[in-house]
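**Q** Residue numbers (the working numbering), protein chains in the order written: chain A, 4 to 329; chain B, 99 to 420; chain C, 288 to 824.
Idealized CB from N, CA, C, for every residue including glycine.
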Amino acid sequence: MKYALRKLGLFVLTLWAAITLNFLLPRLMPGSPTDAAIAKLSQNGPVTQATRDAIEAQLGVPGGNLWDQYVSYLHQVVTFDFGVSYTFYPQSVGELIGQAFPYTIMLVGIVTIVAFVLGTLTGVLAAWRRNTWLDSLPTLTGTFASTFPYFWTALLLLFFLGYVLHWFPTSGAYGPTASPMFSWDFIVDAAYHAVLPAVTILITSVGGWILGMRNAMINTLGDDYVTFAQANGLKGRTVAMKYAARNAILPNLTGFGLALGGVVGGSILVEQVFGYPGIGFLLFNAVIGQDYPLMQALFLLITVSVLVANFLVDILYGVLDPRTRR
Amino acid sequence: MTTTQSFKSISTEEVARPPHRLAFIGRAFATLWANWKSRLGLIILGLFVLVAIFAPWLAPYGATQDGFPRNADASWAHWFGTTAAGEDVLSQLIYGTRISVTVGFIAGALSTLVAVLIGLSWGYIRGFGAEVVNFIVNLFLVIPGLPLMIVIAAYLQNGGLAMIIAVIVITGWAWGARVLRSQTQSLRSRDFVTAARFSGDSSFRVVFHEILPNMTSLIAGSFFGAATAAILAEAGLEFLGLGDSSIVSWGTILYWAQNSNALLTGQWILLFAPGLCIALLAMSLTLINFGVDAISNPRLREGSAKAPRTAPSARTEEGSER
Amino acid sequence: MIAAAALALSGCSIKIQSKQDPSIPADTMLLAADKGTPMMERNFNPYLVNKRAASSYIYEPLVVINVLDGTGTPWLASKVSQPDARTIDYTIRDGVKWSDGKPFTVDDVVFTLNLIKKFPTLDLKGAWQHIASLETKGDHLVIHLKEDDAPAQDIISQTLIVPEHIWKDQKSPDTWRDPNPVGTGPYTLASFTSQQYTMDKFEDYWQADKVQVKHLVLPAATNELDIATKGFDWAYAFMSDVQGTWVEANPNNKYWFPPGGIIGLMPNFTVAPFNDINVRRGIALALDRDKIADSATEGYMKPAGQTGLILPNQEKELDPSIPDGGLITQDTAGALAAFAAAGYTQQGGKLVGPDGKQFSFSITTANGYTDWLRAVQEVRKELTALGIDVQIKQPQPPGYQQAIQNGDFQVAMGGMGAGVVFQAFNATLSSEFATPIGKATASNFGRYTNPEADKLLAEYKTTVDPAKRLELSHQLQRIVYDDLPVISMYYGGLWGLYNDAKFTGWPDADDPYAPPQTYDQTPLLVFTHLKLRKDGE
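1. Go through the region 654-706 of chain C residue by residue and report every complete run of the alpha helix (DSSP H) that reaches 4 residues or more, in order.
2. Tell me, please, which residues DSSP counts as bridged to C:Tyr523.
3. For a contact defined as C-beta to C-beta under 8 Å, what are the partners of A:Ala20 on chain B?
4. C:His827 lies in the beta strand (DSSP E); which residues open and close that run?
5. Does any CB atom of chain C fall closer than 8 Å to the CB of B:Thr350?
6. Would the beta-carbon of A:Leu310 be found less than 7 Å away from any heavy atom of the ligand FAD?
7. Please report the straight-line C-alpha distance between A:Trp170 and C:Val708, rounded to a whole angstrom.
8. Rounded to a whole number of angstroms, what is the C-alpha to C-alpha distance between B:Ala228 and C:Thr728?
9. Could you give the distance in angstroms between the alpha-carbon of A:Val316 and the alpha-carbon of A:Leu256?
10. Between C:Arg661 and chain B, is there a C-beta pair that is closer than 8 Å?
11. Does C:Glu328 come within less than 8 Å of chain A when only Cβ atoms are used?
12. Look at A:Phe302 and A:Leu28 and say whether their C-beta atoms are less than 8 Å apart.
13. Under three-state DSSP, which class holds C:Gln483?
14. Which residues bound the beta strand (DSSP E) around B:Val135?
15. Going straight from the alpha carbon of A:Ile113 to that of C:Pro450, what length do you get?
16. Can you tell me where the beta strand (DSSP E) with A:Thr306 in it begins and where it stops?
17. Given that C:Asp528 touches chain B, what residues does it touch there, using C-beta distances under 7 Å?
18. Does the structure place the region 308-321 of chain C close enough to the region 665-675 of chain C that three or more beta carbon pairs sit under 8 Å?
19. DSSP three-state call for C:Asn401: helix, strand or coil?
20. Please report how far the alpha carbon of C:Val504 lies from the alpha carbon of A:Gln79, in whole angstroms.
21. On the criterion of 16 or more Cβ atoms from any shown chain inside 10 Å, does A:Met216 qualify as buried, or is it exposed?
22. Just list the beta strand (DSSP E) runs in the region 298-356 of chain C, keeping only unbroken ones of 3 residues or longer that don't cross its boundaries, in chain order.
23. So, for C:Lys637: in the same chain, excluding its five sequence neighbours on each side, which residues have a beta-carbon less than 7 Å away from its beta-carbon?
24. Using a Cβ cut-off of 8 Å, pull out every chain A residue sitting near B:Leu330, in sequence order please.
25. Going along the chain, which residues of its own chain have a beta-carbon closer than 8 Å to the beta-carbon of A:Val202, five neighbours each way excluded?
26. Are C:Gly792 and C:Lys821 touching if we call contact CB-CB under 8 Å?
27. Using alpha carbons as the reference points, say which of C:Ala515, C:Glu585, C:Asp575, C:Arg567 lies closest to B:Ile362.
28. Can you list the residues of chain A that B:Phe337 reaches, using a CB-CB cut of under 7 Å?
29. Would you list, in chain order, the members of the region 306-324 of chain A that have their beta-carbon closer than 8 Å to a beta-carbon of chain B?
30. Find the nearest neighbour of A:Asp192 within the set A:Pro200, A:Val198, A:Tyr177, A:Leu205, judged by alpha-carbon distance.
31. Tell me where the alpha helix (DSSP H) around C:Met553 begins and ends.
32. Counting only C-beta atoms, is A:Arg240 closer than 8 Å to chain C at any point?
33. On the CB-based measure, 16 or more other CB atoms within 10 Å of its CB, does C:Ala796 come out buried or exposed?
34. Report the residue from C:His427, C:Leu660, C:Pro799 whose alpha carbon sits nearest the alpha carbon of C:Gly551.
35. Is it buried or exposed, C:Asp381, if we count other Cβ atoms within 10 angstroms and call 16 or more buried?
36. Start and end of the alpha helix (DSSP H) containing C:Trp543?
This is the structure:
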């Protein structure tokens with residue numbers, strides 16, 4: 004109980020610090036949101052003073068000193084009202100996030116789970132059949148693939164499978180004439196559009212899981228109780244799955260928790276390249292456009308997700324492994 | 099544990115003299131070489147370092163020398179073609195090695211240094227101080243890395259390589275610190291540490307003279323991991339255009355290729371080659387890390403340096419378990 | 288061995304083909320004018336920054352100004368006259384209908400002007416900085432200006448007119464997204480999804496007989512790869528190697544890149560030694576503009592003259608006494624002489640000033656503007672050859688904006704020139720913009736002040752006589768040429784791409800009736816000019 008309370012206390016404190024940091028970070032960047040808007044406009048021709056004033060009035064220069072802004076920001080956080088975006092004016096932040104969130108969750112969430120399951124099972128196999136090709140091949144190719152820069156894999160896949168071979172669509176989450184709705188056609192269309200981004204993330208992330216699980220398994224396989232189980236005549240597969248894997252998976256689980264939390268923020272590059280309308284693309288636009296309200300809300304969303312995931316995993320770990328409850 | 103060993107007669111002086119510190123490095127290198135994966139990694143890394151050092155002699159032209167026909171396809175004069183600005187791609191790739199290797203190593207080393215300083219101290223101290231550090235580290239871990247990098251890059255307003263290294267270090271030290279901390283914690287309860295403390299050693303000495311040497315392979319592993327992450331982060335930052343676009347690195351080649359639509363001009367090699375180099379360099383470091391893992395955990399060793407089947411007894415040099 | 292592998296790999300360089308979508312009929316244009324982020328919001332309010340691009344094809348101004356040379360085509364105003372420098376008399380065209388059938392009258396114009404007065408955030412062009420009062424006389428709208436301000440006509444005429452009967456009920460027109468826009472323009476919104484929208488011709492448009500393109504399709508995915516591969520009819524984008532990519536993708540693909548502005552170096556006049564004409568002249572003479580233009584724009588654009596005019600568009604304005612259209616050729620000997628007059632001499636390969644230190648300064652450009660970056664790198668090469676130490680600062684675009692607005696730079700990349708000649712000179716030379724360092728301004732970021740120029744500009748505002756205006760323009764050009772308020776380098780281009788398989792009558796170098804841009808008001812000129820290609824043509 005004390006363990007859980009302590010973790011909760013830490014969680015709340017970290018949450019507060021993260022919220023405050025999220026408030027300060029966007030204001031670090033030089034230039035105001037008006038400057039960002041003018042930078043965009045000035046590419047089409049000179050921008051007059053009048054236009055500049057009009058835009059500033061439209062976007063609303065953040066008023067009050069830093070403390071006032073902070074207080075109103077805290078108020079926003081508690082009431083979940085984050086105001087209107089600057090770059091997507093006059094759309095509200097809530098509206099934008101609501102539109103983008105499902106796509107990221109669907110894409111990155113599913114891919115992370117698939118990568119975890121696939122990687123962990125392969126890792127078990129690799130550890131059990133160590134020093135055979137069943138070990139070297141997945142480990143090496145997985146590791147090599149994990150060193151590919153995200154955007155590089157994305158660009159090459161996009162180019163060859165999308166533009167040259169026309170096997171997959173080149174942008175968007177669904178077709179140009181479709182509208183989001185809960186119909187079978189739409190779900191198939193959305194899945195079709197998600198294949199390339201999903202494959203990109205899968206290729207790059209599966210290697211980590213394979214390696215982690217393999218190493219953990221190898222450690223566990225050297226433990227005495229495994230030798231004991233084998234000496235007792237239990238089948239290899241039983242030993243591997245029922246005894247070794249269950250213990251070996253614990254460190255990986257922590258990583259999985261973190262990864263799930265990181266799902267929300269980790270897809271910027273992929274979404275950018277594929278024009279996929281998720282949280283990552285939104286965040287990129289927000290940062291480039293000095294969009295304080297949107298940036299704050301998104302940073303908050305991401306940090307809260309990671310914190311919550313971490314917290315849940317900590318609790319889960321406490322449940323699964325009594326040794327940590329000291 | 100019934101092993102038979104043949105004893106060689108040794109004089110007392112030889113026994114009394116402790117093995118030379120640097121002999122450890124030689125032994126580590128031998129272990130790395132024995133493992134075929136890390137051997138491959140060392141070879142690839144060595145190749146890249148050599149290319150970086152000898153770039154002016156290897157590259158057919160200067161890195162920023164332009165005036166060649168633009169967007170040219172591969173030819174004998176230009177093995178990989180030319181960029182949209184009329185520069186030779188192969189020369190840029192070769193000179194770019196310097197930046198990537200340098201940034202990777204420096205950023206990785208600094209990141210590891212910070213992680214060591216913080217992680218070890220944090221693992222050693224107990225009580226409220228540890229909780230405070232835990233809190234700070236969690237904070238750094240929780241903030242999304244890439245957006246944080248973008249914000250810091252915009253704030254620092256392009257200080258060139260120094261800024262990129264600073265950004266990578268600021269966003270990257272936390273992970274290593276955590277790993278090192280948990281290992282320090284488990285070592286702290288070992289006998290030799292208690293002995294050192296009771297014999298009056300200051301905390302600083304205990305941490306950095308007793309505990310640290312037992313973690314060298316873990317720190318080395320951490321360094322290679324950090325260097326890998328640094329190389330990928332530098333490429334990512336340059337690709338987004340947040341770095342210094344006037345230096346020639348693999349990341350900036352990708353940036354210019356993307357901006358001049360290399361895919362459209364049919365020059366997919368402009369995108370393929372730098373990315374492949376980044377992947378290979380990062381891969382070599384990861385491969386070496388396989389070997390480093392094996393040093394710290396004998397169970398993972400391959401080849402002739404394999405550990406005996408039974409669990410090894412406590413060894414003072416290395417053998418810290420995960 | 289690496290060579291062979293490389294050759295083998297690169298040999299398979301893949302060329303993209305672009306085929307027009309056969310399902311798109313012959314009277315429908317596929318247009319790359321809008322861009323999703325990555326989705327498009329249904330926002331057609333013409334005064335909002337984030338409006339859809341095609342909102343410009345729905346709402347029309349009183350006069351359409353060709354940004355290439357500043358000529359105005361009377362549009363919703365059938366006639367514009369300026370009896371004196373304080374009055375503008377618009378004859379509002381009759382026979383114009385709104386797309387919902389209601390008639391367009393002078394009341395709509397008055398309502399619109401009062402609307403943007405009431406909500407200043409909508410007054411994007413700043414019309415009410417010049418207007419004193421409005422007066423209607425039948426179908427005439429007479430505008431009284433605050434002072435002698437003849438050039439204000441160009442600004443006020445660009446106001447987009449919205450229908451009174453719809454907008455009067457809007458409580459907050461400054462945030463209203465106008466999802467079902469009603470305008471006087473040639474097209475109306477047909478269908479909308481977040482990744483593509485289509486427009487139909489407005490059959491009762493007041494120039495309906497001139498509009499032959501019946502439908503428009505505007506997708507959201509319009510990056511360069513999309514433009515080159517999906518069979519677009521009209522696009523606006525900078526294409527690297529346009530010949531090898533766009534033109535070769537389809538036999539009917541053509542392009543036209545006219546100059547749209549001047550890119551140059553803006554010295555900060557409040558920072559020594561840039562207030563010294565000899566230093567500016569030294570820098571100007573040291574530059575190899577051919578190389579800079581070639582490097583920055585991949586050879587598409589030419590070096591720019593030092594008159595503040597965009598040539599050849601504004602040839603007629605050119606002062607004949609200025610040699611060579613104002614083009615300054617590289618003259619390192621002359622540069623060194625100019626620097627010497629300012630007290631800088633070459634010592635040991637470095638250009639050293641009167642204080643004994645090497646002449647060193649920074650050029651501020653915006654991160655991500657790749658053509659500017661290439662230009663600055665080239666400039667750095669040429670100045671380094673003389674022994675000057677040049678650093679490049681590249682803040683992100685908003686940071687760059689902040690720096691130049693506050694005067695926080697030594698030399699910055701920037702531009703000058705505009706279609707309307709007065710605007711061009713006013714923005715560059717007028718001391719009304721020369722705010723102190725730290726206080727933001729919107730133009731003349733270098734804080735140039737010259738009482739002579741101010742006098743000429745004030746005089747320009749008081750006259751409506753074209754001959755007098757031309758003479759004043761000559762004198763202003765002379766000031767730009769002699770005093771170097773902005774050191775011009777090369778022309779910035781307008782990147783027009785089009786395909787004439789289905790439609791002919793595109794603007795090009797032989798017929799520059801409009802710029803090739805797909806945004807702002809000039810597409811109205813294009814849509815009323817394009818014809819369907821007849822079979823056998």
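**A** This is what the structure gives:
1. 657-672, 684-693
2. In the DSSP output, where bridge partners are listed per residue, C:Tyr523 has C:Gly783.
3. Phe233, Leu237
4. With chain C running from 288 to 824 in the structure shown, residue 827 of chain C is simply not present.
5. no
6. Because no ligand of any kind appears in the structure shown, any question about the ligand FAD cannot be addressed here.
7. 52 Å
8. 51 Å
9. 7 Å
10. By this cut-off, C:Arg661 is an interface position.
11. Among the CB atoms of chain A, one or more fall inside 8 Å of the CB of C:Glu328.
12. yes
13. Three-state DSSP puts C:Gln483 in a strand.
14. According to the sequence provided, residue 135 of chain B is Lys. The question's Val does not apply to it. Note, B:Lys135: premise wrong, no beta strand (DSSP E); alpha helix (DSSP H) at 134-151.
15. 49 Å
16. Counting along the chain, A:Thr306 falls outside any beta strand (DSSP E), though it belongs to the alpha helix (DSSP H) covering 295-323.
17. Arg168, Asn169, Ala182, Thr363
18. No, because fewer than three Cβ pairs between the region 665-675 of chain C and the region 308-321 of chain C fall closer than 8 Å, the two stretches do not touch.
19. helix
20. 40 Å
21. buried
22. Within the region 298-356 of chain C, the complete beta strand (DSSP E) segments of 3 residues or longer fall at 315-319, 350-352, listed in chain order.
23. Within the same chain, Gln645, Gly674 come within 7 Å of C:Lys637 by CB-CB distance, once the 5 residues on both sides are set aside.
24. Thr150, Pro152
25. Leu160
26. no
27. The residue you asked about is not Ile; residue 362 of chain B is Leu in the sequence shown. Nearest of C:Ala515, C:Glu585, C:Asp575, C:Arg567 to B:Leu362, Cα basis: C:Ala515.
28. Phe154
29. Thr306, Val309, Leu310, Asn313
30. A:Tyr177
31. Looking at the DSSP string, C:Met553 is not in any alpha helix (DSSP H); the run it does join, the beta strand (DSSP E), is 546-554.
32. no
33. exposed
34. C:Leu660
35. Flag for C:Asp381 reads exposed.
36. Looking at the DSSP string, C:Trp543 is not in any alpha helix (DSSP H); the run it does join, the beta strand (DSSP E), is 540-543.
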